Amino acid sequence: MREHLLIGGAGFIGSALSRKLGEANVTIFDNFSPVSHSDESIKESLTSDAEFVVGSVCSADDLDDLFAQGVPKTLVYLAAETGTGRSLRNCALNARVNTLGIATTLDALSRQSTMPEKIILSSTRAVYGEGPYLNSTTNSVVYPKQRTMESLEAMQFDFPGLEPLSMNGSLHFPNPSNIYGSTKLSQEHLLDNWASSFGVPTCTFRLQNVYGAGQSLTNPYTGVLIHFIKQARAKETVEIYENGGITRDFVHVEDVASLLAEAACNGDRTGLYDCGSGDRVELERIAAMLCEIGGAPRPIRNDKFRLGDVRHACADLQPVEADFAWRPAVNIKDGLDDLYKWVSEKLSAL
Numbered sequence: 187m188r189e190h191l192l193i194g195g196a197g198f199i200g201s202a203l204s205r206k207l208g209e210a211n212v213t214i215f216d217n218f219s220p221v222s223h224s225d226e227s228i229k230e231s232l233t234s235d236a237e238f239v240v241g242s243v244c245s246a247d248d249l250d251d252l253f254a255q256g257v258p259k260t261l262v263y264l265a266a267e268t269g270t271g272r273s274l275r276n277c278a279l280n281a282r283v284n285t286l287g288i289a290t291t292l293d294a295l296s297r298q299s300t301m302p303e304k305i306i307l308s309s310t311r312a313v314y315g316e317g318p319y320l321n322s323t324t325n326s327v328v329y330p331k332q333r334t335m336e337s338l339e340a341m342q343f344d345f346p347g348l349e350p351l352s353m354n355g356s357l358h359f360p361n362p363s364n365i366y367g368s369t370k371l372s373q374e375h376l377l378d379n380w381a382s383s384f385g386v387p388t389c390t391f392r393l394q395n396v397y398g399a400g401q402s403l404t405n406p407y408t409g410v411l412i413h414f415i416k417q418a419r420a421k422e423t424v425e426i427y428e429n430g431g432i433t434r435d436f437v438h439v440e441d442v443a444s445l446l447a448e449a450a451c452n453g454d455r456t457g458l459y460d461c462g463s464g465d466r467v468e469l470e471r472i473a474a475m476l477c478e479i480g481g482a483p484r485p486i487r488n489d490k491f492r493l494g495d496v497r498h499a500c501a502d503l504q505p506v507e508a509d510f511a512w513r514p515a516v517n518i519k520d521g522l523d524d525l526y527k528w529v530s531e532k533l534s535a536l
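Take 187 as the starting number for the sequence shown in the working numbering and just add one per residue.
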């Protein structure tokens, strides 16, 4: 067993992180699910200098065999079933992989004679649900309930009289609005309970929308930017749901990997942090930038919606900036240019 163990480490974020850490010091444990991995991505992973162990977080035997090789100094837990829309009709799958998976991993660690010096969990802004809002009339923070089918069909997309706030784990309560977010929050709780009992320091990062080269081109459940780029390349008109106005915080995968690598190598920093660009941007603006790159028509708005989606999302970076001296380096324009080129190259080669 090497210095750093990345569970679920062959995916989008894990691949970028392994390069930051130095692949010669990394062991990757992954099941290479076809939902997240193409044949090409698997081939690219296996040509790296990292050590690969194929197995499932839902298999106690696989995990016992993994830790029999030695418990790592730092364990980074990235394994998860993702996708808001997919999770709604796959509750059991999300519960099994996300909740039972980390529980099975922690049980396997409990059977060892030593413990990691640190565990890092990759979580998500989805645990906030609709997130915190400011009621300017009462000057209080409120947490709107999940938007229902009835309200969305009536095109009640916003929360009148409320202003969205940037998400801060030290100030705001989680309030998931979809199955995926609920199972990721359960990961956080299980790790916190277990680690507190065994005295293992932890860092949890709630990531906003991570994008960049290396995203799956075949997974239909994640990566709205990949969908936009495919439409722009085909000169199709991109549709923006909820009559526009949806905001997101897009952070480049290289910036996320830099932060996780710093956390893995800096044992003094523990706690709960939000990770994003810190910029709230309308989805329509992002789509327009990609359409301009591809010479496609400007996006149009419609009243379609996806159950479980949230209206607004953005990270408060003050805590992570203070503790890690970290600030995202890739601006959105450069990031989108690079992503468009990478997607085009990959699709052209098919």
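Note that beta-carbon positions come from the ideal geometry of N, C-alpha and C, so glycine has one too. Here the structure is a predicted model, which means the values were calculated and not measured.
* To do: Check whether the Cβ atoms of Ile-426 and Pro-485 sit closer than 8 Å, and answer yes or no.
  => yes
* **Beta-carbon gap between Glu-267 and Leu-279 smaller than 8 Å** => yes
* Determine the extent of the alpha helix (DSSP H) in which Arg-419 is found, giving its start and end residues. => 410-419
* First through last residue of the alpha helix (DSSP H) which encompasses Tyr-526 -> 518-534
* To do: Could you check what DSSP says for Ile-199 in three-state terms: helix, strand or coil?
  => helix
* Asked: Less than 8 Å separating the beta-carbons of Asp-441 and Leu-503?
  -> no
* Report the three-state DSSP secondary structure of Ser-309 (helix, strand or coil). => strand
* Asked: For Asn-452, which residues does DSSP report across the bridge?
  -> None, per the DSSP bridge assignment.
* Hey, Thr-388 and Thr-310: beta-carbon distance below 8 Å or not? -> no
* **Neighbourhood of Ala-515 by C-beta distance below 7 Å, restricted to the same chain and skipping five residues each side** => Asp-441
* As assigned by DSSP and simplified to three states, the class of Val-457 -> The sequence shown places Gly at residue 457, not Val. Correct three-state label for Gly-457: strand.
* Looking only at C-alpha atoms, which of Asp-520, Gly-480 and Asp-465 sits nearest to Arg-513? -> Asp-465
* Tell me, which residues are paired with Pro-514 by DSSP? -> For Pro-514, which the question treats as bridged, DSSP gives no partner whatsoever.
* Buried versus exposed, by CB contacts within 10 Å (16 or more), Lys-370 -> buried
* Asked: Thinking C-alpha only, which one of Lys-416, Thr-260, Asn-325 and Glu-316 is nearest Ala-482?
  -> Lys-416
* To do: Would you kindly check if the distance between the Cβ of Val-262 and the Cβ of Leu-192 is under 8 Å?
  => yes
* Go ahead and pull the three-state DSSP assignment for Glu-428. => coil
* Asked: How big is the Cα-Cα spacing for Tyr-397 and Ile-214?
  -> 21 Å
* **Contact the segment 345-362 vs the segment 312-321: 3+ CB pairs below 8 Å** => yes
* Could you give the DSSP three-state label for Gly-211: helix, strand or coil? => Correcting the residue type first, residue 211 is Asn in the shown sequence and not Gly. Note: Asn-211 maps to helix in three-state DSSP.
* Of the choices Gln-394, Ala-294 and Ser-372, whose alpha-carbon is the least far from that of Ala-246? -> Ala-294
* Considering only residues of the same chain and omitting the five flanking positions on each side of Ser-439, which have a CB-CB separation below 7 Å? -> The sequence given here has Val at residue 439, not Ser. Taken in chain order, the residues that qualify are Phe-198, Ile-199, Ala-202, Val-396, Tyr-397, Gly-398 and Gly-400.
* Cβ-Cβ separation, Leu-445 to Gly-355 (assumed contact under 8 Å), whole Å -> The pair is not a contact, with the Cβ atoms about 14 Å apart (cut-off 8 Å).
* To do: Give the straight-line distance between the Cα atoms of His-190 and Thr-260, rounded to the nearest whole angstrom.
  => 5 Å
* Asked: Between Ile-306 and Gln-373, what straight-line distance do the alpha-carbon atoms span, to the nearest angstrom?
  -> 12 Å
* When the Cα atoms are used, what is the spatial distance from Ser-383 to Gln-342? -> 45 Å
* Where Ile-412 and Leu-403 are concerned, what is the direct C-alpha to C-alpha distance, given to the nearest angstrom? -> 7 Å
* Mind checking which residues open and close the beta strand (DSSP E) that includes His-438? => 436-438
* Output the boundary residues of the beta strand (DSSP E) element that contains Cys-389. => 388-393
* Per DSSP, which one or two residues make a beta bridge with Val-327? -> Leu-320
* Tell me, please, which residues DSSP counts as bridged to Tyr-397. => His-438
* **Sequence-distant residues of its chain with Cβ nearer than 6 Å to Asp-489 (five each side left out)** => Met-341 and Asn-429
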